[in-house]
Amino acid sequence: MRKFLAAFLLLFITIKVQAQTWEIGGAIGAAGYIGDLNVNNPVKPSGGFAGLFVKGNFNRYLGVKLSYSFAQISGADSTSSSQQFRDRNLSFKTPLNELSLMGEFNFMSYIPDAGKNKYTPYIYLGAGVTSYAPRAVLDDKVVGLRPLRTEGQSNPYATTTIVIPFGAGFKYNFSGKWTVAADLGYRYTTTDYLDDVSGLYADPSRLSSATAVKLADRSGEKTHVYIGAPGTQRGDFKPRDYYMFVGFTLSYTFVTSACYY
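In the numbering used here, the protein residues as written are 36 to 296.
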């Protein structure tokens, strides 16, 4: 992971040397999650996010953005429209800390305060790394799920995941060198454990503690009828979870005289 981050920063330094104009800004909006506790709704918000970024613009069409975002996502079977999910009764919440590097392409010639176009749609694609730490509430206490190994894993899953951000948006030069934008973006991850759910119910005798047993199968907390027989399906068996950001950015571009020509 350290090698990945070092290469990440080296690439951005190279971009910094080559960029023609610079842009700084912030972002705010809603965050959502697509995984074992939300399999059908790719635009369902379950938390919020905020972020900061710096972007190097090579010209009026191409730029590269280094971004840090903090978010929180969650999921709860109790809110599902599916009786099967409500019977399962799992839930989670996790903070996300994302550092990403994204290439951005404007469909129209765009430099704030230096071009004829006041707006443009755009798309972006990149790579990044995100830390996550799923938790659940048990007996009014917040419990970290990773060390419990609730599916009987021999080792806890990773604390970070590589992500591939991609999305689209629309930006508008509303005053001088200021730009406001709205966008929707998704993050493809390399983990199926953002929600601590992936495969099968574990044999309770293989779990590390009484707390792990309680959080591995929560189906009978109200009914006292537990459905999580060892070896039966707990997750959706899809290999990856996703998360999404939808919101607004506000940025200021340091326009040089060369941008006017």
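Built from N, CA and C at the ideal position, the CB exists for glycine as well. Here the structure is a predicted model, which is why all the values come from computation and not from measurement.
message = Counting only beta-carbon separations shorter than 7 Å, does Val215 have a partner in chain B?
response = Annotation note: the requested chain B is absent from the structure, which comprises a single protein chain.
request  = Can you give me the start and stop residues for the beta strand (DSSP E) that Ala245 sits inside?
outcome  = Looking at the DSSP string, Ala245 is not in any beta strand (DSSP E); the run it does join, the alpha helix (DSSP H), is 245 to 251.
key: For Asn141: DSSP bridge partner residues   = Under DSSP, Asn141 forms a beta bridge with Tyr157.
ask   = Where does the unbroken alpha helix (DSSP H) through Arg170 begin, and where does it stop?
value = Note, Arg170: premise wrong, no alpha helix (DSSP H); beta strand (DSSP E) at 170 to 173.
Simplified DSSP state of Thr185, which is helix, strand or coil = It is coil, neither helix nor strand.
task = Excluding the 5 residues preceding and the 5 following Val290 in the sequence, name in chain order all residues of the same chain whose CB lies nearer than 7 Å to its CB.
result = Cβ within range, chain order: Thr56, Ile146, Pro147, Asp148, Ala149, Lys212.
request  = Indicate the three-state DSSP secondary structure (helix, strand or coil) for Pro80 in the structure shown.
outcome  = In this structure, Pro80 counts as strand in the three-state DSSP scheme.
key: DSSP three-state assignment for Phe280, whether helix, strand or coil   = In the three-state reduction of the DSSP assignment, Phe280 falls in the strand class.
Cα-Cα separation between Val89 and Gly220, rounded to whole angstroms = Taking the Cα positions, Val89 is about 18 Å away from Gly220.
Residues of its chain near Leu173, where Cβ-Cβ distance is below 8 Å and the 5 sequence neighbours each way are ignored = Non-local C-beta neighbours of Leu173 in its own chain, meaning closer than 8 Å and more than five positions away in sequence, comprise Thr246, Lys249, Leu250, ordered along the chain.
request  = Look up Ile108 in the DSSP assignment and give the residues it is bridged to.
outcome  = When DSSP reads this structure, Ile108 sits in a beta bridge with Thr129.
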